[in-house]
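Inspection log for the structure reproduced underneath, given as C-alpha cells.
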Amino acid sequence: MDAWGQNKPKEGLVISKGCHVFQVRHLNVCVSSFILHPSSLIFTLFFFFTACMDNQVDRLIQKANNEWVKGSNHSAIEMFKSVLEKYPNGPHSEEALFRLGEIYFYGLGDSSQAVVYFLETLQLNKRGRYGYEAQKHIAEIIEYTVKDYDQAIIE
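For the sequence shown, the working numbering gives the first residue as 261, with consecutive numbering after it.
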C-alpha cells in the first residue's frame, strides 16, 4: 500500500493483458508488449536517457545559481561554463549565458565581459526567456559605463 492507502502494483506484475508494471524513478510505468519491438525499445531508451540528462543539467544550473547567491562567483562561473561545454545548443544554454553576464557585471564588476555574455544570450534567442533582460543590461552598461547615451537608447 502507498501513503494514501491504495494498493500499488508490484514491479514486474502483469496488471492487464500485455502490460507489465515497472517502477522507474518512483513512477509506475506500464510496459506493453509493443515496446519490446526493437525500434520501440530504442525510442523508449532515448526518451529515458534524455529525461535523465535534462535532470542533470537542471541540478547543475541550480547548484551554480546557489553558488552565485552564496557569493562564490568563480565556482558558479565554472559550473555555468560546464553547462555550455556539455550542452552548447541545449535549452539551458540561454540561462547559463545570461547568468554568466550577470555574474561578471554584478559580482565581478567586469562590464565588458558581461556585455559579451549578454550579446551571446541575444544571439542564441533574442525573443527567449532572457532576451529582454539581456538587452536591458546591455543598454544599462552602455549608459552608465561607456556614457554613450545615444547608443544606450538604440540598445
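Ideal Cβ placement from N, Cα and C applies to all residues, glycine included.
Residue 370 carries a coil assignment under DSSP once its states are collapsed to helix, strand and coil.
The beta-carbon distance between residue 384 and residue 342, rounded to whole angstroms, is 17 Å. This is too long to meet the 8 Å contact definition.
For residue 392, the enclosing alpha helix (DSSP H) starts and ends at 391-401. Non-local beta-carbon contacts of residue 380 in its own chain, meaning distances under 7 Å to residues more than five positions away in sequence, involve 357 in chain order. Classified as exposed, residue 334 has fewer than 16 neighbouring CB atoms from the shown chains inside 10 Å of its CB.
In this structure, the alpha-carbon of residue 364 lies about 10 Å from that of residue 378. Residue 397 and residue 330 have their C-alpha atoms some 22 Å from each other. For the pair residue 337 and residue 360, the CB atoms are nearer than the 8 Å cut-off. The residues 354, in chain order, have a CB closer than 7 Å to that of residue 388 in the same chain once the five nearest residues on each side in sequence are set aside. Between residue 347 and residue 317, the gap from beta carbon to beta carbon is short of 8 Å. Between residue 323 and residue 350, the alpha-carbon positions lie close to 18 Å from each other.
Cβ-Cβ distances below 6 Å link residue 405 to 371 in the same chain, with the five nearest sequence neighbours on each side left out; the list follows chain order. With a beta-carbon spacing of about 11 Å, residue 374 and residue 402 fall beyond the 8 Å limit used to define contacts.
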